[in-house]
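Line by line, the protein sequences are chains A and B. The opening position of the first sequence corresponds to residue 0 in numbering that gives the first Met the number 0, with each subsequent residue numbered one higher. The opening position of the second sequence corresponds to residue 0 in numbering that gives the first Met the number 0, with each subsequent residue numbered one higher. Don't be surprised by glycine CBs; every beta carbon is placed ideally from N, CA and C.
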Amino acid sequence: MMSRPALQLILAGTLLSFGGIPLCAQAPETPIDAPTPLSHWPKPVNDSRVFAFVTFDELEGRTNGPDTSFRWDGQGWIGTDFNKLWIKSEGTVTNGITSDGDHEFLYDRPIPHLRYFDWQAGARVDIDSGPTRAWLALGVQGLSRYFFNIEPTFYVRNGGRVAGRLQGYYDLYLTQRLILQPQVEMNFYSQPDRARGIGTGLSDIDGGVRLGYQFSRKFAPYIGYVYSGTVGQTATFSRQSGQPTGAHQFVFGIWLWH
Amino acid sequence: MSVKDEVHMPEADDSLTLTRRHFVRGVAAAGLAALVEGAFNQTGAETIAHSPSILTGNNFDLAIEPHHVDFTGRRVKAIKINGSLPGPTLKWREGDTVTVAVTNHLPEVTSIHWHGIRVPAEMDGVPGLSFAGIAPGRTFVYRIPVVQNGTYWYHSHSGSQEQIGLTGGLVIEPRDKDPIVYDRDYVVLLSDWSDTNPDTLYGNLKKQSDYYNFHKRTAGTFIEDAKSKGLRSTLGDRLKWGRNDMTPADIADVTSATYIYLMNGSPPGANWTALFNPGERVRLRFINGSTMTNFDVRIPGLPMTVVQSDGNCIQPVTVDELRLGVAETYDVIVQPREDKAHTIFAQPESRGSYARGTLAPRMGMTAEIPPTDPYPYRTMADMGMGGMAQMKGVKMTGKSSHEMPGIKSMQMEGNSDNRMPEMKDMDMSGMKEGGISAMSHARTDQPTEPLSDPLAGMTPFPQPGPGTTRLAPLHSQTIARPSETRQGDVPLHIGPEVVMVAKEISPRLHDPGDGLNGNGRRVLTYADLRALYRGVDGRTPTREIILHLTGNMERFIWGFDGRKFSEAEPIHLKLGERVRFVLINDTMMEHPIHLHGLWSELENGGGEFAPYKHTLIVKPAERVTYLVSADTPGLWAFHCHLQYHMEAGMFRTVVVS
């Protein structure tokens, strides 16, 4: 068998003039350097494009007859596969007073060995009709086994105050477009914050079930039932200030996605 | 443009009237027929069927222009070439040197890549690897020595221009007599069309990868399954898939939820029509020019004899149906004998809709359109967890078919009736020249040349043909066996780019693919493909390049060995070396893998008659091996031909130097 270098030289010599178009100026005797793309050429594919995404899981009116409120809970991101700015915002407006106004600005990255989970770190600010609070935030968000979407986040602010929030939902497809979505959100605080009516421990729970129809992925009106209420010390504070400690409400809204 | 006239066609003598071509006439008639048909169709302005025009000669001018089309009642942005979508079919001739002057009238950079054509690297048309691309307002002149023949196609390699029309057929006439005998010749270019802008479409997938999947498992399907299979097994099955956050409904990323499917640019209602006279042999050159759609093609009631794949002649195999992966081509001969119409039916693997045309003796005829098949579902075998019915009892993990004594015969089973040993579709006029048919010539008389013989004029290796010789090592060796490969041997980056590694991989060459098993029809498999002519490079590969096809479907990140293009180094091949590519599909989808510039010789048990391909479907949890002669220097693209998988990172540069 002919030696490989010799074969390559013969191949190279013939190939250099392939099609009558010289491919490089070197003589066939010299080894050919690996060709490289010229610097002003574009990349053949751009696999790190920036996308932007906005979704509202809750954009709804809530009513139990006499009392009505408006509630939003949305999030969005802008970035690449590996680096995203993630923004979350939620709040409830009742009779012109906004409560539970929680807004987060997070840096988001996939967790290498958890295929569907990202970690997120950044800031949370509570801006609503109550006093403003600022927190550092650290959390994870993603799809757990069996298609549960979960989103636990921990918060720290001055004075060693710690808080936590656990959110989760599950999309149960009744048909290809009719979706039943159970959802729950719980908040925890290490220390009371009377000015915001928050006590120690589990402070509030907001959970419900919504039935939506996806006219398209981007637009799905829904109706549902929600219970939202305060718990423990927070409930005590609520009672003291004459607020209800819990409400069963009928909700109607739209899931939006862009 | 110099128009080549018929004198240049390889014409048989007049006594063999059956070999006369009716290419142009047939197409013109199809256009006329469609005009009549289109008048009855109410949706969209583009429902008037037409065939792209055919350009012949040595010098071509292509103008790439922004346009609008209306397939669905909505007027949306498209790209046309010389006013046509798909672009005109180019007809080249082997042995010529053609020039194609491509002028870009778009406001963005464009390019044309000649798919499957062995060109000097700087003519390959990949911006970033071959050249900078064609800037707006500029003209680039491709100069290509045509060293092969067969059916190919061309398309843009810039962004998603392919999705909105920048594709076209490419037919290369053989320099010598065509071994395939036919009376009529039609290009059938299949494509997928969405009114959604490609950037939006890709963005939708990035944000929600199942955006276009409307075949999810639901409460409804759970109840149905529980009724038919029992509650316990249904629940167990759901939990097994759910544990990995996977769904067996993951057939295609983009489906008929947004796509309509076109045949030569005509939607089903326009009924693109190809004419024939009963008894004539009709050559249909199927090209899958779509961006995200594998098509299953059949002509109910008419067996198809497959004679070519990816531009290379194969030993004829008669089947009822074949799957065209994105970018693959298959040439078939059909011989309708009755004076009636036949439907050319191409359904996407994800079903739901179809591309359709008609083979008819006269204009304006239609035949029954079959219903689309049931939506296929993935199995645990696709997930790399075994349990594949046909392979039951055979432990295949990490081994190639060539090592398994039982497999070879298994592959042959069920093919024997498909293969046509008497080769009745081959050109028997070759008999006149020394009384040797093209076929027997190929099988027995192709000389094998020892490696020590002078190689001048042999490189780059020619396309196998009746006149080519096989370059073989002095000690005649059979094709070396792929070594046993386990996943652990490959440096596989496990990160957010990867959701799974197939535990059990197997060659699935004898498997027609998900959705085609047990449908009662003879379906072509890769195991059926045998080259008509002996391969030209008989050397043993000196090394293996093992690549896992990986992805995270939830994040819509795709790549090789767990890395996207931007995270990976090029693959280096030494000029002149012979290597084996080993592809292991760790994902749950088929990936049509395309290597530019060099042939991919599929190791399907065909030995010296291994088929030459430019694009190979790798099925879920499948291990496919093929040989490559790195005989042309340059930078070559290597990628999944699903457009949005490529854009999401399933792309590598192959450097030959």
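Residue i burial status per 10 Å Cβ neighbour count (16 or more: buried)
i, result
"H214 of chain B", "buried"
"F564 of chain B", "buried"
"V49 of chain A", "exposed"
"H112 of chain A", "exposed"
"V140 of chain B", "exposed"
"A269 of chain B", "buried"
"L135 of chain A", "exposed"
"K612 of chain B", "buried"
"E421 of chain B", "Unreliable placement is indicated for E421 of chain B, whose pLDDT of 38 sits below 50; no coordinate value is reported for it."
"G229 of chain B", "exposed"
"P632 of chain B", "buried"
"G164 of chain B", "buried"
"H67 of chain B", "exposed"
"Q242 of chain A", "exposed"
"K339 of chain B", "exposed"
"I313 of chain B", "buried"
"E337 of chain B", "exposed"
"H595 of chain B", "buried"
"E223 of chain B", "exposed"
"E568 of chain B", "exposed"
"Y145 of chain A", "exposed"
Residue i versus the options, residue with shortest Cα-Cα distance
i, options, result
"D510 of chain B", "B:G519, B:Y525, B:M499, B:V498", "B:Y525"
"T624 of chain B", "B:A251, B:D177, B:G604", "B:G604"
"S50 of chain B", "B:I143, B:H66, B:L188", "B:L188"
"I53 of chain B", "B:H492, B:D95, B:G168, B:V118", "B:G168"
"T661 of chain B", "B:T254, B:E172, B:E320, B:L597", "There is no way to answer for residue 661 of chain B, as the model of chain B reaches only from 0 to 656."
"P540 of chain B", "B:L470, B:E223, B:I616, B:L105", "B:L470"
"H39 of chain A", "B:A134, B:T88, B:P267", "B:A134"
"G196 of chain A", "A:W71, A:D66, A:G252, A:P130", "A:P130"
"P106 of chain B", "B:L274, B:K76, B:A248", "B:K76"
"V145 of chain B", "B:G124, B:G94, B:W635", "B:G94"
"T317 of chain B", "B:G324, B:G300, B:V325", "B:G300"
"V186 of chain B", "B:G363, B:N263, B:L323", "B:N263"
"D258 of chain A", "A:G90, A:P109, A:W85", "Here chain A comprises residues numbered 0 to 257, so residue 258 of chain A is not present and cannot be evaluated."
"K176 of chain B", "B:L523, B:G466, B:G561, B:L572", "B:G466"
"T244 of chain A", "A:T229, A:F251, A:W256, A:W254", "A:T229"
"N196 of chain B", "B:M649, B:L234, B:Y643", "B:Y643"
Contacting residues, own chain, Cβ-Cβ under 7 Å from residue i (five flanking each side not counted)
i, result
"T150 of chain B", "V170, R284, I286, Q307, G310, T328, D330"
"N203 of chain B", "Y210"
"P126 of chain B", "V108, S110, G132, H156, S157"
"T29 of chain A", "Because T29 of chain A sits at a pLDDT of 36, beneath the cut-off of 50, its placement in the model cannot be relied upon, and the following sentence gives the value as read from the coordinates. Same-chain partners within the cutoff: there are none."
"D536 of chain B", "F460, L470, R577, S628"
"P191 of chain A", "I197, G198, T199, Q232"
For residue i, the residue or residues it bridges with in DSSP
i, result
"H156 of chain B", "Answer is none; H156 of chain B lacks a bridge partner."
"M303 of chain B", "B:V318"
"T539 of chain B", "Partner(s): none; T539 of chain B has no beta bridge."
"G141 of chain A", "A:F116, A:I149"
"K79 of chain B", "B:E64"
"D69 of chain B", "Paired residue(s): none; D69 of chain B is not in a bridge."
"L515 of chain B", "Answer by DSSP bridge pairing: none, since L515 of chain B is not bridged."
"K90 of chain B", "B:T55, B:V170"
"T246 of chain B", "According to DSSP, which records beta bridges pairwise, T246 of chain B is partnered with nothing at all."
"H644 of chain B", "H644 of chain B is not bridged to any residue."
"K612 of chain B", "B:S599"
Same chain only: Cβ atoms within 8 Å of residue i, ignoring 5 sequence neighbours per side
i, result
"S208 of chain B", "D252, M552, E553, R554, F555"
"M122 of chain B", "W113, S129, Y141, R142, I143"
"P495 of chain B", "N551, R554, I556"
Neighbourhood of residue i by C-beta distance below 6 Å, restricted to the same chain and skipping five residues each side
i, result
"G163 of chain A", "F153, F187"
"S202 of chain A", "N186, Y188, T233"
"S727 of chain B", "As displayed, chain B neither begins before 0 nor continues past 656, which places residue 727 of chain B out of reach and without an answer."
"T102 of chain B", "A62, T138"
"F236 of chain A", "G196, G198"
"G487 of chain B", "Because G487 of chain B carries a pLDDT of 47, less than 50, the predicted location of this residue cannot be relied on, and the following value inherits that uncertainty. For G487 of chain B, where only same-chain residues beyond five positions count, there are no Cβ hits under 6 Å."
"W76 of chain A", "F52, K83, W85"
> What are the uninterrupted segments assigned as beta strand (DSSP E) that are 3 or more residues long and contained completely in the region 154 to 218 of chain B, given in chain order?
Replying inline: If we require 3 residues or more, the beta strand (DSSP E) runs fully inside the region 154 to 218 of chain B come out as 166 to 172, 183 to 193.
> Which parts of the region 53 to 130 of chain A are runs of the beta strand (DSSP E), unbroken and 3 residues or longer, counting only runs that do not cross its ends?
Replying inline: Runs of the beta strand (DSSP E) inside the region 53 to 130 of chain A: 67 to 78, 83 to 93, 96 to 109, 116 to 125.
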